[in-house]
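*Asks:* For the sequence shown, full-length UniProt numbering gives the first residue as 1, with consecutive numbering after it. Even glycine gets a Cβ: it sits at the ideal position worked out from N, Cα and C.
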Amino acid sequence: MDMNQLHDITFYVMYAAIAIAIFVAIERGIYFAYVRRQSRALQTTLGASVHSEKDLPETLTRR
């Protein structure tokens, strides 16, 4: 194995790592946007009249 081939393999591994990192960053962004939307809906519903999860609307307690 010559050094050029080793160099190419190293760069292909780095490109794969960058692709995985970009995928994870996009996936986390989508997940956090989804959770933020759910938390805003829950925050507007919560108040002094809510004492347990049974007091919440069914749209907020379903999975």
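1) Do V60 and A41 have their C-beta atoms closer together than 8 Å?
2) Distance check for Y31 and K54, CA to CA, integer angstroms please.
3) Is T44 closer than 8 Å to L56 when the C-beta atoms are compared?
4) For the alpha helix (DSSP H) holding G29, just list the boundary residues, first then last.
*Replies:* Inspection of the coordinates gives the following:
1) First, the residue type needs correcting, since residue 60 is Leu and not Val in the sequence shown. Taking 8 Å as the cut-off, the beta carbon of L60 is found closer than this to the beta carbon of A41.
2) Between the alpha carbons of K54 and Y31 lies a gap of roughly 26 Å.
3) No, the pair does not count as a contact, with Cβ atoms beyond the cut-off.
4) Residues 3-45.
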